[in-house]
Amino acid sequence: MLKDLKFLTTKHVFLLALAIIFAITIFPKLLITEYNKFSLVYINNQSKSLLASFSIVAFLVILHAKDIYKFEMLSLLFYTFSSFAAILSCNLILLLIFLEFMVFGAFCIIASNSQKNNIGPATRYAIIHFFAGTFILSGVAMQLNEADSTIISHNILNFQNIQLQSSISHVMVLIGLLINCASFPFSYWVTDSYPNATLHSTPYLSIFTTKISSYILLLMFQGSEVLFYFGLITAFCAAGFAIFENNMRRLLCYNLVGQMGLIITGIGFDGEAAAVGITLQIIFCTIYQSLLFIIVNSIITRTKKHNLNEVGGLLKKMPIEALCSFVAIFTMVGTAYTPTFISKSLITANASTWVTALFSLANFTLFISIGLKFFYFTFICKHKQPAVTKGSTESFIAMSTLSLICILAYMFYNQYLPYFLSDIPVFYQSKKVFTNISMIACCVTLFIFLRNLFCLRFAINLNFKSFLPYLTSLYEKFILFIVNGSVNIVKNMATIKLYNNTVEDSPGITIVLAIVIISTLLMFLCLNHLLIT
Numbered sequence: 034m035l036k037d038l039k040f041l042t043t044k045h046v047f048l049l050a051l052a053i054i055f056a057i058t059i060f061p062k063l064l065i066t067e068y069n070k071f072s073l074v075y076i077n078n079q080s081k082s083l084l085a086s087f088s089i090v091a092f093l094v095i096l097h098a099k100d101i102y103k104f105e106m107l108s109l110l111f112y113t114f115s116s117f118a119a120i121l122s123c124n125l126i127l128l129l130i131f132l133e134f135m136v137f138g139a140f141c142i143i144a145s146n147s148q149k150n151n152i153g154p155a156t157r158y159a160i161i162h163f164f165a166g167t168f169i170l171s172g173v174a175m176q177l178n179e180a181d182s183t184i185i186s187h188n189i190l191n192f193q194n195i196q197l198q199s200s201i202s203h204v205m206v207l208i209g210l211l212i213n214c215a216s217f218p219f220s221y222w223v224t225d226s227y228p229n230a231t232l233h234s235t236p237y238l239s240i241f242t243t244k245i246s247s248y249i250l251l252l253m254f255q256g257s258e259v260l261f262y263f264g265l266i267t268a269f270c271a272a273g274f275a276i277f278e279n280n281m282r283r284l285l286c287y288n289l290v291g292q293m294g295l296i297i298t299g300i301g302f303d304g305e306a307a308a309v310g311i312t313l314q315i316i317f318c319t320i321y322q323s324l325l326f327i328i329v330n331s332i333i334t335r336t337k338k339h340n341l342n343e344v345g346g347l348l349k350k351m352p353i354e355a356l357c358s359f360v361a362i363f364t365m366v367g368t369a370y371t372p373t374f375i376s377k378s379l380i381t382a383n384a385s386t387w388v389t390a391l392f393s394l395a396n397f398t399l400f401i402s403i404g405l406k407f408f409y410f411t412f413i414c415k416h417k418q419p420a421v422t423k424g425s426t427e428s429f430i431a432m433s434t435l436s437l438i439c440i441l442a443y444m445f446y447n448q449y450l451p452y453f454l455s456d457i458p459v460f461y462q463s464k465k466v467f468t469n470i471s472m473i474a475c476c477v478t479l480f481i482f483l484r485n486l487f488c489l490r491f492a493i494n495l496n497f498k499s500f501l502p503y504l505t506s507l508y509e510k511f512i513l514f515i516v517n518g519s520v521n522i523v524k525n526m527a528t529i530k531l532y533n534n535t536v537e538d539s540p541g542i543t544i545v546l547a548i549v550i551i552s553t554l555l556m557f558l559c560l561n562h563l564l565i566t
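So the sequence shown is numbered by our numbering: it starts at 34 and just counts up by one.
Here it is as structure tokens:
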């Protein structure tokens with residue numbers, strides 16, 4: 034049915050809309066700001082920069098796309114404007130609404146792939162994100178008791194020296210955002226759903242959901258020490274599973290998870306420089322990840338192969354893709370004289386030595402297990418050399434433009450950094466540059482000697498399926514334990530403040546927790562049912 038809905042002019046309309054959004058962010062006076070007095074729109078240098086960068090990358094992703102159908106294009110349009118509205122939302126209720134709109138848009142995008150039966154992955158995606166929305170809603174409901182708590186700012190959730198109810202709301206909002214950021218142990222939804230979308234939809238989905246959630250996480254929870262540990266675990270787990278991955282698109286999804294782990298780790302650092310560094314890292318991460326996805330799409334389109342063990346020796350046959358991959362991979366690791374070297378230097382500017390060492394270790398681990406592995410098995414290793422067809426001009430334009438942005442972002446950092454930071458530190462100290470280049474050289478040497486360990490024997494996914502029946506039964510037992518242990522307490526709940534609220538029109542913690550428990554059980558049961566059927 035979707036093949037009958039082919040409607041090419043919507044692509045041009047969509048590209049024009051993205052160009053208009055980019056123009057509005059470049060000329061701030063065009064922004065409609067009369068609603069600012071109602072605290073509905075939050076516009077600052079960071080949000081405008083995110084809008085501009087997301088618009089450029091989305092424009093280039095759609096530019097190289099082929100065979101976009103009307104339903105899919107409308108889903109992309111709905112998803113895009115919901116994402117932009119979420120970035121500009123100043124009210125937590127509006128933010129939650131637009132996040133749920135994003136979930137619905139992404140569900141339609143994943144399900145619109147006419148070549149696969151994607152109802153299962155799309156439904157699992159929707160379930161896990163609606164589940165995250167339940168946690169965010171529960172936390173927001175508790176925060177509504179406090180004055181001006183619906184306004185997003187850097188101090189919106191100051192949970193020092195506050196009561197139990199605020200502490201629980203802090204945890205709930207944090208859990209919901211971590212799920213959306215693909216943090217451990219909820220990272221599976223990226224590798225489960227994104228590779229099942231169309232070739233052009235996968236990089237498009239990677240632009241918004243995780244990046245916007247990390248930006249919100251930065252605004253609300255910067256400096257939380259727990260984020261440092263969650264981020265490191267996420268990065269190392271993604272690197273470990275990526276070692277055995279064979280599918281190129283799924284390998285880049287592991288890279289997405291790992292890079293989000295680094296961003297979450299950076300959000301755990303405090304300070305203005307770290308906040309600016311995280312914002313820049315989100316922007317640069319969007320650029321080089323989309324570049325890698327477009328390169329993989331070009332390889333799949335021209336070779337008709339999806340796995341690393343089916344390609345190889347493409348350096349001479351696809352030189353533009355190889356050169357752009359080189360730029361993207363070394364931008365990803367933060368090599369000296371790349372823009373991410375600047376952003377990662379800002380992130381770790383005020384961090385202790387051992388914290389910086391762990392952050393760097395996670396960064397270089399991802400570089401070896403994903404970046405070098407992808408480049409070696411795709412362009413250098415000659416175990417198979419498939420036939421290559423001619424590439425499209427649009428793909429070459431998109432890849433070249435994103436690569437050029439990676440280069441220019443370094444060359445002109447003195448022009449855009451004052452836009453974010455008044456006191457610009459010195460980045461290029463001889464000792465720091467030498468250490469960076471030496472570490473990268475050691476990683477390359479280590480990969481050369483241990484490359485046989487990365488041989489593509491089998492593929493492994495961050496697979497939750499085999500554990501779901503056990504988790505479901507375990508959670509049911511946990512609920513029964515709570516019910517049986519609370520019988521005596523329930524008899525006297527009428528006198529307990531947690532149950533009988535003294536604040537008019539305020540949500541009770543008992544009701545909120547009941548919603549969370551029920552939604553968690555429903556999530557497990559729905560996912561379990563999807564796997565059985």
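Glycine is no exception: its CB is placed at the ideal position from the N, C-alpha and C atoms. Note that the structure is a prediction, hence the values are computed from the model and not measured.
Within the model, the alpha-carbon separation for G404 versus Q176 is close to 42 Å.
From the listed residues S436, F134, F164, the smallest Cα separation to A361 is found for S436. The criterion of a C-beta distance shorter than 7 Å is satisfied by G209 and F168. Taken through DSSP and simplified to helix, strand or coil, Y102 comes out as strand. Distance from the CA atom of N447 to the CA atom of L441, rounded to whole angstroms, is 11 Å.
Cα atoms of T364 and K464: separation of roughly 20 Å, rounded to the nearest angstrom. Note on I430: under 16 other CB atoms within 10 angstroms of its CB, so exposed under the neighbour-count rule. When DSSP states are grouped into helix, strand and coil, N280 belongs to the strand group.
In this structure, V223 lies near V290, with their beta-carbon atoms less than 7 Å apart.
Take the alpha-carbon of I332 and the one of E343: they are about 11 Å apart. Taking V421 as the centre and dropping the five residues before and after it, the same chain places the C-beta of R335, T336, L347, K350, M351 closer than 8 Å to its C-beta, in chain order. Cβ neighbours of Q79 within its own chain (closer than 6 Å, five residues either side excluded): T312. Following the DSSP letters along the chain, one finds K377 inside the alpha helix (DSSP H) bounded by residues 372-380. The segment 218-278 is shown to contain whole alpha helix (DSSP H) runs of 4 or more residues at 221-226, 234-254, 258-275, in chain order. Going by beta carbons, I240 and T319 fall inside the 7 Å limit. Excluding five sequence positions before and after C141, the CB atoms of its chain that fall closer than 6 Å to its own CB belong to S108, given in chain order. By the C-beta criterion, the segment 314-328 is judged not to be in contact with the segment 385-398, since fewer than 3 inter-stretch pairs fall below 8 Å. N340 is bridged by DSSP to N280. In this structure, the alpha-carbon of T243 lies about 5 Å from that of C214. When Cβ pairs closer than 8 Å are counted between the two stretches, the segment 250-257 is seen not to touch the segment 272-287, the count staying below three. Annotation: P451 is outside any alpha helix (DSSP H) and is labelled neither H nor E by DSSP. For G299, the closest C-alpha among the options L84, K81, A382, F134 is that of A382.
Annotation for S116: M135, F241, I245 place their beta carbon closer than 7 Å to its own, counting only its chain and skipping 5 residues before and after. K349 sits in coil when the DSSP states are folded into three classes, being neither helix nor strand.
In this model, M444 and I353 are separated by some 22 Å (Cα to Cα).
Ranking F482, I470, F453, F480 by CA distance to the CA of K81 puts F453 first.
Judged by their CB atoms, L295 and A268 are nearer to each other than the 7 Å cut-off. Note on L125: 16 or more other CB atoms within 10 angstroms of its CB, so buried under the neighbour-count rule. Taking C-beta separations shorter than 7 Å and ignoring five residues to either side along the sequence, the partners of G138 in its chain run S108, F111, Y112, S115, following chain order. Here DSSP, grouped into helix, strand and coil, assigns A215 to coil. Per DSSP, the unbroken alpha helix (DSSP H) holding K465 starts and ends at 463-483. Of the candidates I481, I160, I380, I481 places its Cα closest to the Cα of C414. The residue among L96, A165, S171, S378 with its C-alpha nearest the C-alpha of S216 is A165. Per DSSP, the unbroken alpha helix (DSSP H) holding H162 starts and ends at 152-176.
For M293, same chain residues with a beta-carbon under 6 Å away, outside a window of 5 residues either side, are C214, A215, T243 in chain order.
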